[in-house]
Amino acid sequence: MGRYVIRRLLQMIPVFIGSTFLIFFMVYALGDPVAALFGDKAPDPATAARIRKDLYLDRPLWEQYLHYMGQIFQGDFGTAFNGQPVLDLMASAFPVTLRLTVVAIAIEVVVGITLGVVSGLRRGKAIDTTLLVLTLVVISVPTFVTGYVLQYVLGVKWGWIRPSVSPDAPWNELLLPGLVLALVSLAYVTRLSRTSIAENAKADYVRTAVAKGLPRRRVVSRHLLRNSLIPVVTFIGTDIGALMGGAIVTERIFNIHGVGYQLYQGILRNNSPTVVGFVTILVIVFLVANLLVDLLYAVLDPRIRYA
Amino acid sequence: MRGATHAQWAACAVAVALAATACGGGSDTGGEGAGIVSSSWGDPQNPLEPANTNEVQGGKVLDMLFRGLKRYDPKTGEALNMVAEKIETTDQQNFTITLKDGWKFSNDEPVTAQSFVDAWNYAADVRNKQNNAPFFADIVGYADVHPASGEPKAKTMSGLVVKDAKTFTVALDKKFSTWPDTLGYQAFSPLPKAFFTDHAGWLDKPVGNGPYTVGSYTKGTAMQLRAWEGYTGPDKAQNGGVDLKVYTDNNTAYTDLISGNLDLVDDVPAAQLKNVKNDLGSRYINQPALIIQTLTFPLYDPRWGKPGMEKVRQGISRAINRDEITRQIFQGTRSPAKDWTSSALGAKGGYADMCGELCTYDPAAAKALIEEGGGLPGGKMTITSNVDTGSHRVWMDAVCNSINNALGQGPVCTVNPVGTFADFRNQQSSYKLTGPFRSGWQGDYPLIQNFLQPLYFTGASSNYGKFSDPEFDKLIDEANSETDTAKAVATFQDAEKILAAQMPSIPLWYQNGSAGYSERLTDVELNQFSVPVYDRIKVG
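Chains as they are written, first to last, in the UniProt record's numbering: chain A, 1 to 307; chain B, 1 to 540.
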C-alpha cells in the first residue's frame, strides 16, 4: 500500500510538469497581455516595455517557464496585474469554491445514489422510467439555463433567496448554486448507480445473501450497494476536480468570487500568472482526487489489493 | 428527499429575510444601513492610483475620492475650477496655477502646490509605470523622466516649479490653449505624502481630498466608501456613503437590483433592455456619453490608402444603415453618429453634423461611390473586432449585411471575430490588419481636441490607421494656439471637414451610458463618462 502510494506520487511529477507547461504555453499563445492594460488608448511604448520587463515577458518562452516554475517552488505564484499576489487571490477564492464543491458533491452523493438505488431496485417499473426521463431532461439542459431560471424564480419571483451570494459566501447561500452545479453530475450519478445496482442485483452473491435469510435492508446496504459503488466513486472522484474548475458558469450567475471568477477574470485580461497559478493548483487537486479514488476501491472491494 | 431540500430552501429564505429586515432596506453592511447606496462595480484593472487608472471602474472610485484643479460639470461638461483658484497664462504655453485655501486630504494634510507637483512628477516617471503618463507629455522636461528607451535622467520635470504653498507654474513644450480644461481628468489629481512614504498601505486604503473616504476595501470584492464629515468642498456628499460590490456578470447585478438587493446598476445588460421599461419605469437612465465607435481603415495598407480610395471609404460609410442597427440591435442605447466627436460634447463643445450625407444611408449612392473609386480592394473586405464584450459580433454582422445588400454582389463583406481584447489590440497596434477594424474611443475630457488629435494627428498615439494629412495637422496646431474657445472649436471643426473628405474612419454610433436604480434613490444622474454622480444621490 505505502509503496503503491509513493509510486503514484512519483508518477504525478511528469504529469504536473507536462500539464503546467501546456497551460503556460497556451496562455502565452493568446498574445501579449500588456497592450490590453491601456484600454482604448495606444500603449505608451516606454511604459509598456517597463511592464514587460518586470513581468519577465521580454524573455523567450522557455526562460519564462523556468523562471515561473522556480518561483512556484519557492511558494511564490507571482503577482496579478492589479497588483495583488496570486497567493492572496487563491487564499480568498479556494475556500469559497471548496465550500461550493462540498455542497454540490453532498447533493450528488445523497440524492444521486438514493435515486439510483431506488430506480435500480425497481427496474422497469413506473418510478424507474420517470427517473430516467427526468435525468435525461436534466442532462440536456445546460447549466446556465437552470442557473438563470432557478435564480429568477426563487430569487426574484418568489423572493425566497438572495439572487446573488454575498462576498463571504456562507453555507446557506451556497445551497442553490451548489444544487445548480450538482444537477448535471447528479443525473449521471443516478444513472450510473442505477445500472450498476440493476446488474449486481442478479449476481450470485446477492442471491446467496437473500437465501441466507438476511433482511432486505442488509442485503442492499452491505452487499449490493458496496459492490455497485465502484463506478460511481470513480465518477465522483474525477468530478471533484471538474466541479472546482468548471464552476465558472455557476459562479458567474450567482456572483460567487471563487476559482471560476478568478479564472474568468484572468482569461479575459490575459492575466497569465493568475490563470497558470490557479490551473496548476487544479491539476494537483485532480491528481490527488484520482489517487484517493483508487485507494477507495480497496476499501469498497476487499479483493482489490495494492502492492 | 425533495421535501427535505425544499425545507432547507425555506429555512434559508427565512434566515435571509430576517437578516435583510435587520439590516434595514437593501444594504447588507449592517449597523449603518441608513443613507448608504449600494452600487454595482467591476474589479479595477490596475492598482487604484490616479495616474494608473484609465477605465471606468477604477475611475468611479477616484471620482469619489479625489478632487482635482478642475471638475467637469456633470450636466454641461464645462470645466469648472475646483481646487484651483485661478489658472493664468499670457502666451498659451506658460501657466500659473493658484490654489484655493482650505482644501485638505482626509488625513488632515493640507493640499498644497507640492501635492500636485509631486503627483505629476510621479505620474510621468517611467519607473512608476503609470498608464496615464502620456498625459504629462506636454510638460517641459517630460523626456527626461520618460525617455523612449533607457533610464530616465531626472526625477522631476523642469517645467513644474513650486512658487509657494499655494502657487506653481507649468511650462508646456508648445502652445495649448485648452490645456487648463484637461485638468479635470483624474490623472491630474493631487496626492498626499502618505502615497509616497507608505505606498502599499495607501493602495490598501486610498486617501484623497474628495467628498468620500474609504471605510474598508476588500480587493476584488467590495469597497465601502463613507461620506467624509470634514469635507469642505462645494459638493458635499448627499448620502451617508456608497457600498461598491463587484459583479462579474451584469445580468446578476440587474437581477439583484430588481429583487431589491442592490440600489444602483450603471451597466444595464443588453439582454434586459427589452424588460427595462417594465421593471424600472422612470428609474432607468439612457443618455449620451463621451464614447464613439468607428470603423478605421488601415491606410498604411496601400490597397486602402492610395489616392482615390477615399471614394470607396465614403461609399462604405453610406452603405451602413446606422438607424436600423442602433434601433434593432442596441435598442436605442446607441445613436447614429453624425461626426467624429460625441453628441455629449454639445453644440458649444463642438458637436455638429460634420459628416452630413456621407453618414446617411443610401445604397444607390454607396454603390456609385464605391464603383467610382475603383471598387473594394480585391473585390472584398473584412471587418475585424474583438467579440468578447459589447455585442460586437452582432453589429459587425449587421454592418456587413448592410454593405452586402447595398452592393448586391453577394457576400463581399465578411467578419473576422477576435476572441479577446488583448489579442485584437495586439493585431491592431502591430499594424497587421488588412481591412477596416473597430476603434472605440472614450473621451478623457469633454473637449473636441480629445476626439481628434490623439486619433488622427500624424503619428499620434492612437492613430491606428496611420492617417496623415498636413492640412489637418496644421489646423489642429492652429486650434491649439487659439485663445478664444469658440474660435478654437470652429478651427477643430474645420479639421473635421478634412476627415469627411478623406474618411480615414467611418463614424458608426455614439454610445450611451445607462443605469437603473431602486425606489430608495432620487437625484441619480450620469456624467459624460457614464459614471453615476454619486455625491448627488439622495437616499430615502
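Glycine included, C-beta positions come from ideal geometry on N, C-alpha and C.
Can you tell me whether DSSP reads residue 193 of chain B as helix, strand or coil?
helix
Which bits of chain A does residue 519 of chain B rub up against, with CB to CB less than 9 Å?
Residues of chain A passing the Cβ test: none, with the nearest at roughly 15 Å.
Under 7 Å between C-beta atoms, does residue 143 of chain B make it to chain A?
no
Taking only beta carbons into account, state which residues of the segment 417-431 of chain B come closer than 7 Å to chain A, listed in chain order.
420, 421, 422, 423, 425, 426, 429
Three-state secondary structure (DSSP) at residue 481 of chain B?
helix
Ignore the nearest five residues each way along the sequence and tell me which others in residue 523 of chain B's own chain have a CB closer than 8 Å to its CB.
238, 536, 537, 538
Report all residues from its chain with a CB closer than 8 Å to the CB of residue 518 of chain B; omit the five preceding and five following residues, and keep chain order.
Taken in chain order, the residues that qualify are 26, 257, 260, 262, 263, 264, 283.
Whole angstroms are fine: how far does the CA of residue 186 of chain A sit from the CA of residue 22 of chain B?
Caution is warranted here: a pLDDT of 36 is assigned to residue 22 of chain B, below 50, making its placement in the model unreliable, and no coordinate value can be reported.
Give the single residue among B:508, B:59, B:98, B:97 whose Cα lies nearest to the Cα of residue 316 of chain B.
B:508
Can you list, in chain order, the residues of the segment 150-162 of chain B whose Cβ is nearer than 8 Å to any Cβ on chain A?
Among the residues of the segment 150-162 of chain B, none has a Cβ less than 8 Å away from any Cβ of chain A.
If the cut-off is 7 Å on Cβ atoms, which residues from the segment 41-58 of chain B count as contacting chain A, listed in chain order?
43, 44, 45, 46, 47, 54, 55
For residue 520 of chain B, does the three-state DSSP call read helix, strand or coil?
coil
What is the rounded straight-line gap between the Cα of residue 223 of chain B and the Cα of residue 211 of chain B?
15 Å
Which residues share a DSSP beta bridge with residue 497 of chain B?
The partner list for residue 497 of chain B (beta bridge, DSSP) is empty, contrary to what the question assumes.
Hey, is the segment 35-54 of chain B in contact with the segment 180-198 of chain B, meaning 3+ C-beta pairs nearer than 8 Å?
yes
Are the CB atoms of residue 252 of chain A and residue 248 of chain B nearer to each other than 7 Å?
yes
Secondary structure at residue 291 of chain B, three-state DSSP: helix, strand or coil?
strand
Please compile the residues from chain A whose C-beta is within a distance smaller than 9 Å of the C-beta of residue 146 of chain B.
44, 46, 47
Output, in chain order, the set of chain B residues within a Cβ distance shorter than 7 Å of residue 301 of chain A.
In chain order: nothing, as chain B lies at least about 27 Å away.
Would you call the segment 369-380 of chain B in contact with the segment 409-420 of chain B, where contact means no fewer than 3 C-beta pairs closer than 8 Å?
yes
By Cβ distance, which residues of its chain are closer than 6 Å to residue 156 of chain B, with the 5 residues on each side in sequence left out?
121
Residue 247 of chain B CB to nearest chain A CB: under 7 Å?
yes
Of all the residues that make up the segment 19-44 of chain A, which are near chain B by a beta-carbon distance shorter than 8 Å?
30, 31, 32, 33, 35, 36, 37, 38, 39, 40, 41, 42, 43, 44
Measuring alpha carbon to alpha carbon, tell me which residue in B:133, B:91, B:215 is nearest residue 187 of chain B.
B:133
For a minimum of 4 consecutive residues, which ranges assigned as the alpha helix (DSSP H) are wholly contained in the segment 233-262 of chain A?
248-253
Under 8 Å by Cβ, that's how I've got residue 64 of chain B and residue 242 of chain B pegged, so tell me the actual separation to the nearest angstrom.
Yes, they are in contact, since the Cβ atoms of residue 64 of chain B and residue 242 of chain B sit about 7 Å apart, within 8 Å.
Name the residues in the segment 196-227 of chain B whose C-beta lies less than 8 Å from a C-beta of chain A; which are they?
203, 218, 219, 220, 221, 222
Within 10 Å of its beta-carbon, does residue 31 of chain B have 16 or more other beta-carbons around it, so buried, or fewer, so exposed?
Reliability fails at residue 31 of chain B, whose pLDDT of 36 lies under 50, so the model's placement of it is uncertain and the value that follows must be treated cautiously. The residue in question, residue 31 of chain B, is exposed, as its Cβ has fewer than 16 Cβ neighbours within 10 Å.
Start and end of the alpha helix (DSSP H) containing residue 541 of chain B?
Only positions 1 to 540 of chain B appear in this structure, which leaves residue 541 of chain B out of reach.
List, in order along the chain, the chain A residues whose C-beta lies closer than 9 Å to that of residue 441 of chain B?
Within chain A, the residues near residue 441 of chain B are 40, 41.
Taking just the CA atoms, how far does residue 27 of chain A sit from residue 34 of chain A?
Approximately 13 Å between the Cα atoms of the pair.
So does residue 190 of chain A have its beta carbon nearer than 6 Å to some heavy atom of the ligand SAM?
Ligands in the displayed structure: none, and consequently the ligand SAM is not present.
Could you list which residues in chain B have their beta carbon closer than 8 Å to that of residue 368 of chain A, in chain order?
There is simply no residue 368 of chain A to check, as chain A begins at 1 and stops at 307 in what is shown.
Measuring only between beta-carbons, confirm whether residue 156 of chain A sits less than 7 Å from chain B.
Yes, contact with chain B.
Taking the alpha-carbon of residue 301 of chain B as reference, which of B:465, B:161, B:266, B:199 has the nearest alpha-carbon?
B:465
Using a Cβ-Cβ cut-off of less than 9 Å, give me the residues of the segment 235-264 of chain B that come near chain A, in sequence order.
The residues in question are 245, 246, 247, 248, 249, 251, 252, 253, 255, 256, 258, 259, 260, 261, 262.
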